[in-house]
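K.L.:
Following full-length UniProt numbering, the numbering of the sequence shown begins with 1 at its first residue and continues without gaps. Built from N, CA and C at the ideal position, the CB exists for glycine as well.
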Amino acid sequence: MVNDIELNKRQKHILEIVKDHGPITGEAIADQLNLTRATLRPDLAILTMAGFLDARPRVGYFYTGKTGSQLLSDKINKIRVEDHQSLPVVVNESVSVYDAIVTMFLEDVGTLFVVDEHSTLVGVLSRKDLLRASIGKQELNTIPVNIIMTRMPNITFCLKEDLIIDVANKLIEKQIDALPVVKKTNKGYEVVGRITKTNITKLLVALSNDEIM
1 MVNDIELNKR QKHILEIVKD HGPITGEAIA DQLNLTRATL RPDLAILTMA GFLDARPRVG
61 YFYTGKTGSQ LLSDKINKIR VEDHQSLPVV VNESVSVYDA IVTMFLEDVG TLFVVDEHST
121 LVGVLSRKDL LRASIGKQEL NTIPVNIIMT RMPNITFCLK EDLIIDVANK LIEKQIDALP
181 VVKKTNKGYE VVGRITKTNI TKLLVALSND EIM
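#1: How far does the beta strand (DSSP E) with residue 214 in it extend, from its first residue to its last?
#2: Where N169 and K187 are concerned, what is the direct C-alpha to C-alpha distance, given to the nearest angstrom?
#3: Need the endpoints of the alpha helix (DSSP H) that F105 sits in, please.
#4: What's the gap between the Cα of K137 and the Cα of A100?
#5: Tell me, to the nearest whole angstrom, how far the beta carbon of Q112 is from that of V91; I am working on the premise that it is less than 8 Å.
#6: Would you call N199 buried or exposed, if buried means 16 or more other Cβ atoms sit within 10 Å of its Cβ?
#7: Take G110 and list the residues in its own chain whose beta-carbon comes closer than 8 Å to its own, dropping the five residues that flank it on each side.
#8: If you drop the 5 nearest sequence neighbours on each side, which residues of the same chain put their C-beta closer than 7 Å to that of I143?
#9: Label D20 either buried or exposed according to how many other C-beta atoms from any shown protein chain fall within 10 Å of its C-beta, with 16 as the threshold for buried.
#10: Between T25 and the rest of its own chain, which residues show a CB-CB distance below 6 Å, the 5 nearest in sequence each way excluded?
Below is the structure:
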């Protein structure tokens, strides 16, 4: 992502020229800067790809009027779940709480998705659920996870075509760490992925490093 701070002196000058004289051709910009069109081409490409300028054939360059923060917002609002989802970690509803704890530890995740014999989503297990079940003198090997899990219709989920910003808002609103990514089947919802706070943190880092176009 190119923002106002990262623009070099020539790129800032180009923006000022287009603001004042747009629409303006690349040749006209080059003339004002006493540069060749070839020399200017990389800067125009960067400014156009970053969204500061818009180019139209046989017309020239326009200034979009957007700040760096607005361009970042535009980019975020186009990112969908399917671009950044992870593989889901699922357990069957018949497994014991003990086995679920072991799975969570081995997979290094904070949320498990519980499915039935048809691989349909029937519940969600969080660290808090498992910790709560572990307190006391209960025999964890004999307690199935379907006793302590959060069940439908109280499960918040998302689809792969959902916007990532909407999912982030759900995570904040519900104060949870992860959402299952599902697809509708004739038996219910099949878990096809997961979106976590870690996924979104990695996305923010990638955006700051200009790794996402």
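P.N.:
Taking the coordinates as given:
#1: It is not possible to answer for residue 214, since the shown part of the chain is limited to 1 through 213.
#2: 28 Å
#3: 97-107
#4: 18 Å
#5: First, the residue type needs correcting, since residue 112 is Leu and not Gln in the sequence shown. About 5 Å separates the two Cβ atoms, so the contact holds.
#6: buried
#7: M104, S126, R127, D177, A178, T196
#8: S96, V97, A133
#9: exposed
#10: G60
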